[in-house]
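Residue numbers (the numbering used here): 2 to 351. A short write-up of the structure that comes next.
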Ligand code: NAD
Ligand code: IPM
Ligand code: MN
């Protein structure tokens, strides 16, 4: 069956890492005889600055027509408010109702973790971040702007339906993979209304499942514990903002932001894959960005379009690359983005 993936490299290192992810996808497509088409979209800061529109309705519909979207990163200093990033990335997450932001964090090489004793810790963590609500909802505003009485309000919107579906997705995943422990993360001590809803729903939904333990953690203590004993945790489910912050933390603890993938999902519907990292203006253009996060997204996308063999081949090539292949500077090596992409593509084609 023919499948198509829309490719949006975006800004900064997004362009560099997606080039390698595409190389790997094209190689996997040949090696596994997949009928896979890649369609490129130039959306990003350049286009926004040139035409004043980040994404048209027509472009949105075209993207939505593909089986998956692969996005690099969006963010450019020439767009001070990064409104193009919100319109494209948050526009796709909200507009396609991609309510699950799934962020797996696995230690590829314990030596890459900044934690002491990492070799004895098997860190394998799965974050389920709510992706269409919370303070990302865009409800609020700035009033009396520029005066000493200025007020800025950004509402934290949480609906029972929204909380229930992300908690249920995390429960299904924990049960299917027999991971044994599901942890819900909130800030119910300072935010009793939002936390209260999350706790009520968490308790109701998890009571329908057997076979795994459940617990609730406050986000500040959770951040601490992800540094103290990350190996204790298996699946975290949390709101939009806490999930954003904890996923960067967990990525670094397991070895580095550069290798962390994420999947924005609506089961049975659309899917958008993007590395957890941003456009990294500090290294953009140097050819030294780690492409592993983007290549791991390619593997997730291959799974999504029904090519698990190709996905496993890419994942195994990533693992071999970290163990015995070239490494970019963030992983302690001197290889270029392209060196890593080419090495992985060669393994996938073998
Ligand atoms: P960032 O993730 O871009 O970079 C943080 C640090 O990690 C930097 O030192 C960077 O060099 C390093 N880093 C990130 N990815 C790397 C990689 N693949 N290889 C090696 N090093 C890597 O975060 P930031 O600097 O806060 O954000 C830069 C821009 O990206 C901002 O405009 C932000 O809004 C945007 N952003 C976009 C996305 C997205 O599109 N999904 C995600 C996060 C941030
Ligand atoms: C991420 C990013 C985005 C987010 C930004 C760019 C809006 O940090 O995907 O983690 O906060 O969701
Ligand atoms: Mn983030």
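We treat Cβ as the ideally placed atom computed from N, Cα and C, and that holds for glycine.
Any non-hydrogen atom of the ligand NAD within 7 Å of residue 291 CB: yes
Through-space distance from residue 276 to residue 141, alpha-carbon basis: 29 Å
Beta bridge counterpart(s) of residue 273 as assigned by DSSP: 70, 265
Best match in 315, 27, 187 for proximity to residue 301 [C-alpha to C-alpha]: 315
Rounded straight-line distance, which links the Cα of residue 48 to that of residue 57: 11 Å
Nearest-angstrom Cβ-Cβ length linking residue 51 and residue 7, presumed shorter than 8 Å: Not a contact, Cβ separation roughly 20 Å.
heavy atom of the ligand IPM below 7 Å from residue 82 C-beta: no
The segment 275-289 in contact with the segment 74-92 per 3-pair CB rule at 8 Å: yes
First and last residue of the uninterrupted alpha helix (DSSP H) at residue 338: 338-350
Residue 206, enclosing alpha helix (DSSP H) - first and last residue: 193-207
Close-in-space but distant-in-sequence residues of the same chain around residue 331 (CB under 7 Å, 5 per side omitted): 257, 259, 291
Residue 280 in three-state terms, based on DSSP: coil
Inter-residue Cα distance where the pair is residue 328 and residue 346: 15 Å
Outcome for residue 228 when other beta-carbon atoms lying within 10 angstroms are tallied against a minimum of 16: exposed
Assigned exposure category for residue 190 - 16 Cβ within 10 Å defines buried: exposed
Those residues which DSSP pairs with residue 5 across a bridge: 38
C-beta atoms of residue 5 and residue 67 nearer than 8 Å: yes
Check: residue 201 C-beta below 7 Å from any heavy atom of the ligand MN: no
Residue 137 (DSSP reduced to helix, strand or coil): helix
Delimiting residues of the beta strand (DSSP E) encompassing residue 309: Run containing residue 309: none in the beta strand (DSSP E); it sits in the alpha helix (DSSP H), 309-325.
Residue 29 versus residue 343: straight-line alpha-carbon distance, rounded: 12 Å
Outcome for residue 225 when other beta-carbon atoms lying within 10 angstroms are tallied against a minimum of 16: exposed
Alpha-carbon to alpha-carbon, residue 250 and residue 352: The chain is shown from 2 up to 351; residue 352 falls before or after that span and cannot be answered.
The ligand MN heavy atom lying under 7 Å from the CB of residue 254: no
Environment of residue 270 [buried if 16+ CB atoms lie within 10 Å]: exposed
C-beta contact flag for residue 100 and residue 236 at 8 Å: no
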